[in-house]
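Worksheet: one structure, shown below.
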Amino acid sequence: MGVVRNVLDDGLGGLEHNFITGRIEDLVKWSRSRSSWGATFGLACCAIEMMGTGGPHYDIARFGMEVFRASPRQADIIIVAGRVSQKMAPVLRQVYDQMMEPKWVISMGVCASSGGMFNNYAILQGVDQIVPVDVYAPGCPPTPETLIHAIETLHQQIEDGEIMRRRAKSGAGANIHITEIPAQTSPVSVSLGRPATSWTSS
Amino acid sequence: MGQYLPVFALTVLGILFGALSFVASRLLAPRRPSSAKEAPYECGIVPTREPPERFPVSFYIVAMLFIMFDIEIIFIYPYAVNRAELGAFAFWEMFAFSVVFFLAFVYVVARGALDWGPVAKARRLVDGVSATRTSTSTIRRVGLEGRSDNDQAA
Amino acid sequence: MTSVENTFRTNEGAQEMRARSEISAKEILREVGSVLRMSEAEVAKLGQMPADADEDQTMIINMGPQHPSTHGVLRLMLELQGEKVLRCKPIIGYLHTGMEKTGEELTYMQGGTNVTRMDYLSPLNNELVFSMAVEKLLGIENDIPERAVWMRMLLSELNRMSSHLLFLASNGMDLGAVSMMLYGWREREEVLRFFQKVTGLRMNHNFIRPGGVAADLPPGWRDDVLTILEMLPGRLAEYDILMTDQPIWRERLQGVGVITADEALALGTSGPILRSTGVAWDLRRDQPYLHYDEVEFDVIVGSYGDAFDRYAIRINEIRESIRIVYQVLDAMPLGDYRIQNKKVTPPPRARIDESMEALIHHFKIFTEGFKVPEGEVYVAIESPRGEIGCYIVSDGGPKPYRIHMRAPSFVNIQALPHMMRGGLVADAVAVISSIDPVLGEVDR
Amino acid sequence: MSDVEVTPEPQPQLHGCLLSDSRGQQVVHPTRAQYVALMKKLLDGGFVMCSDLTAADYLTHSGRTLPEGIEAERFEIVVNLTAIATRDRIRVRVQVPESDPMIASLFDLWPGTEAMEREVFDMFGISFDGHPDLTRILMPEDWDGHPLRKDYSIGRIPVQFKGSNS
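Chains B, F, L and D, in that order, are what the protein sequence lines are. Everything in the first sequence is counted per our numbering, starting at -19 for the first residue and increasing by one. Everything in the second sequence is counted per our numbering, starting at 4 for the first residue and increasing by one. Everything in the third sequence is counted per our numbering, starting at 23 for the first residue and increasing by one. Everything in the fourth sequence is counted per our numbering, starting at 330 for the first residue and increasing by one.
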């Protein structure tokens, strides 16, 4: 086997160079945040923007949401994209209940977050009345940049593990409100204030 | 004994991998069983009527075909592994063996085990279903002149 | 939250499909399609219902609101015998937003925001039909400035392209060609970027308003449109090779979801579904609006009325739209983009500081809204899915008294049971995709 | 300009029903009795496609212009027909009294009106006899009331200000 450059070949002595150690919990949190699959819960216009975000131009496959699973058994994040009508509310609750743990909810668009411009008999005024919401993405429809920002915020929360403690304790959502990013033609840089977690800092 | 070490090592690794994934999911995944999770998933609708137990027979026929060919492969596998030593005679013996299987398959298909729906329907539209039909040949362009009546008034 | 026992129920009682023994003979005939002005002999030939099918032979399954291939929240109850679809009943209403009730609360100026969210694949066509109906009520439909009329044509044709591109994407993905989804979206992003540059938003633009359009075209719009028009034909040829020349694609679409001409007419379908059966009915040509009579284009008409025809019609309609947009580019005049009638158009921002009268007009139009003389009118244009109509009743006030949008997908969905009968469940997916319904305009 | 010019006696008639003009579009006003007969004549007269069937609730309308001889009722069924061959359109407006909101169904003439009539039944409560499957189509099954009636409130929820919790 060729000699690998500048690696101390002193047998067991070089152990710490060749192995990364870390807590299993960090590994699990990292893997959960880096490969979370979305459940297709596209309802109205926001669903078209959600598909656009999955499309080649914005491509959330870069963030681990490679594919949108239709069945709740294989999905981690349910993105409620669009207005929820009174007839659809029990269906949303049923799909949310049938999702496997751990699961998170992104309420995409103002209609899902608060009923939006349709304050009338037919629309549920806010999805947080029936499912615990973690991230609210504002916009009508939210631009793909805003949705990616929402997904990344949720990934950051998953990676910190803070969101799991909250859900275990009270089952409530994290209720994070993010700011909208208007569609741009040039790339967007968003700082999440990501603290350097311990084991990646070596 | 030495030559069986890899086999032994592989089985241990296999068992280990299987057990590890079970133990890991039991330890790490949060468990919140609920009746909705046990209920069958029917596109978000709470099922009210029980699905019938009896399924049409055409499903079983296709399953049988699969099992038949599966077993055939199991028999061919030992031959395939040491094909060099066995020589031509074994090849023809295997060939005869698979022809017998193939005849059974032809019989079942001829009896119509595989045409469930569209084949019958496509026969009804025989000229519509053709390999040469392209996306520009199947349409006709109707300009202003192609109007059913001939007055051109807008 | 402890695990909530699902005490709520989601079945819709009488709206759902019931076993054949429980419903009236007339409804069975409706679902089997024999009531479509067909003679009894034709119904008999349509493929006999298994006479002795006792109930446990067939299974009623739910292709429900949350399903990858129902293009939104359409729910289909299918009665299957093995893989064969015997009966199908679409159940809709899962996206009912009460838009017609909301429309009665918004002034005519705000109405565009409500209407544009109905058919969210071609929002500009919704706004166009709403604005034309309001202009006809106001009686100003002939003195809209030329530039506004040509801009409306440009935007509605580009919108038709982006909607048909999404049809190609979702049609491909529904039938398994997942890469088609990526290609379709790649082109659609180009058109959406142009829309964002012109109207400020990628979707739900509220750009076409009663009296003209909201703003003028930004500088450099012409070569943006030209880059789109030059890029598209090559890509469409690519799709043709990718899809039409592929035997699996033809096998999945040809002979599937067949509908005859009188069935389509009796069901009131319009757009690519009606044209696929050979009836040459396209509102842009038969009842021209805007300047469609001065533009040279062909109407694409199918011949067999199956899913392959509808796919071929839509892919060729993109080519026709390209042709139209080239002619619109040449004919685009200069001039103002909105009618100069002070009653309808708010004054430009700069004039408000100078003249008191402009301030009053601005204030009146945006708070109370302009009054529309009493009357009722029905205007219909050709949207990518068919004839979209807007029926407005006004009582002389600033808000429409009653607004009803005739949604093409709402009527086209009724053709689903007739197309699916006798096919496999996989064909059901191909048929839904070939109808290309948008549930926002179905449930309104 | 008054949109409906009232021509001197006798008024223009089509198949025995009063004809009027609204913004240049032909409108026929049959009574409920003449409704099905007129529709059959129109269907045979070339109107092969029923584009749209909807209703309007004129409870709080300030006063609509109807040709005389038609007494204004609360509900009004509006049907838009299209003739493919001659390429023209016609609109049929039928008055339906509030006391007996019932009218004949057009399902046997144009099967395409089946879903539209269900929507009118769901939204206005006008029932169609002869309709194969008159059930709600848009609202949930257990919904009470008919939302598009003028006396049905829009159901706006006053915006409850929830303290920002983030």
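Glycine is no exception: its CB is placed at the ideal position from the N, C-alpha and C atoms. This structure is a prediction, so every number in the text was calculated from the model and none was measured.
Could you tell me which chain D residues have their CB closer than 9 Å to the CB of B/GLN74, listed as they occur along the chain? By Cβ distance, chain D contributes nothing, its closest Cβ being about 14 Å from B/GLN74, past 9 Å.
Closest to D/ASP471 by CA distance: which of D/VAL377, D/SER434 and D/ASP451 is it? D/ASP451
May I ask you to list, following chain order, the residues of the stretch 52 to 68 of chain B that have a beta carbon less than 8 Å from some beta carbon of chain D? Identification of residues in the stretch 52 to 68 of chain B having a C-beta nearer than 8 Å to some C-beta of chain D yields GLN66 and LYS67, given in sequence order.
Status (buried if at least 16 other CB within 10 Å, exposed otherwise) for F/ILE74: exposed
L/PRO215 - containing alpha helix (DSSP H), residue span: Rather than Pro, the amino acid found at residue 215 of chain L in this sequence is Arg. Taken as a continuous stretch (DSSP letters only), the alpha helix (DSSP H) holding L/ARG215 covers 200 to 221.
So, is the C-beta of L/ILE83 closer than 8 Å to a C-beta in chain B? no
Going by DSSP, which residues form a beta bridge with L/MET99? L/ASN84 and L/LYS111
If we cut at 8 Å on Cβ distances, does F/LEU31 have a partner in chain B? Chain B contact via Cβ: present.
Taking DSSP's pairing of strands, which residues face L/GLU404 in a bridge? L/GLU409
Looking at the secondary structure, which residues open and close the beta strand (DSSP E) in which L/MET427 lies? 424 to 428
Contacts that L/ASN338 makes with chain F (C-beta to C-beta distance below 9 Å): SER138, THR139, ILE142 and ARG144
Excluding the five sequence neighbours on either side, which residues of its own chain have a C-beta within less than 7 Å of the C-beta of L/ILE322, listed in chain order? Taking C-beta separations shorter than 7 Å and ignoring five residues to either side along the sequence, the partners of L/ILE322 in its chain run ARG297, ILE335, ASN338, GLU339 and GLU342, following chain order.
With a Cβ-Cβ cutoff of 8 Å, do D/TYR364 and D/ALA444 count as a contact? Not a contact, by the Cβ cut-off of 8 Å.
Going along the chain, which unbroken runs of the alpha helix (DSSP H) with 4 or more residues stay wholly within the stretch 329 to 399 of chain L? 329 to 353, 371 to 376 and 378 to 389
Beta-carbon separation (whole angstroms), D/CYS379 vs D/LEU410, contact threshold 8 Å: 6 Å
Residue range of the unbroken beta strand (DSSP E) whose run includes B/ILE86: Boundaries of the beta strand (DSSP E) around B/ILE86: 84 to 88.
Write down the C-beta distance between L/TYR142 and B/ILE28 rounded to the nearest angstrom, noting that I regard them as a contact closer than 8 Å. 6 Å
Close Cβ partners of L/LEU446 (< 8 Å) along its chain, the five nearest in sequence each way excluded: Answer for L/LEU446: GLU105, LYS106 and VAL107, listed in chain order.
Length of the line joining the Cα atoms of L/ALA66 and L/ASP308: Only weak support is given to the placement of L/ALA66: the predicted model assigns it a pLDDT of 49, under 50, and the question is left unresolved by the model.
So, helix, strand or coil for L/ASN193, using DSSP? helix
Whole-angstrom C-beta distance between B/THR33 and B/LEU134, which should lie under 8 Å: At roughly 14 Å, the Cβ-Cβ gap does not stay under 8 Å, so B/LEU134 and B/THR33 are not in contact.
Contact residues within the stretch 409 to 435 of chain L, judged by C-beta distance below 7 Å to chain D: GLU409, GLY411, TYR413, VAL415, ASP417, GLY418, TYR423, ARG424, HIS426, ARG428, PHE432 and VAL433
Simplified DSSP assignment, three categories, for B/ILE28: Reduced to three states, the DSSP call for B/ILE28 is helix.
Roughly how many whole angstroms lie between the Cα atoms of B/ILE138 and B/MET80? Whole-angstrom Cα-Cα distance: 16 Å.
Neighbouring residues, chain L, relative to B/THR20 (Cβ below 8 Å): GLN88 and PRO90
Locate the alpha helix (DSSP H) running through D/ASP373, then write down its first and last residues. 364 to 373
B/TRP179 at chain F interface by Cβ criterion, 8 Å: Interpretation of B/TRP179 is limited by its pLDDT of 36, a score under 50 that renders its predicted location unreliable; no figure is taken from the coordinates.
Given L/PRO395 as reference, the closest of D/VAL408, D/ARG478 and D/THR394 once Cα atoms are compared: D/THR394
So what's F/ARG114 in DSSP terms, helix, strand or just coil? It is coil, neither helix nor strand.
If we require 3 or more residues per run, which beta strand (DSSP E) segments fall completely within the stretch 380 to 459 of chain D? You should have 404 to 412, 417 to 425, 431 to 433 and 456 to 458.
Check for me: the alpha helix (DSSP H) holding L/HIS440 runs from which residue to which? 438 to 442
Tell me which same chain residues have a C-beta within less than 6 Å of the C-beta of B/ALA130, skipping the five on either side of it? ILE86, VAL115, ALA117 and ILE158
With 16 as the cutoff for other CB atoms within 10 Å, does F/GLY21 come out buried or exposed? exposed
Three-state class that DSSP yields for L/ARG40 in the structure shown: coil
Looking at the unbroken alpha helix (DSSP H) that takes in F/ASP73, where does it start and where does it end? 60 to 84
Output the distance between the C-alpha atoms of L/THR221 and L/HIS227, rounded to the nearest integer angstrom. 6 Å
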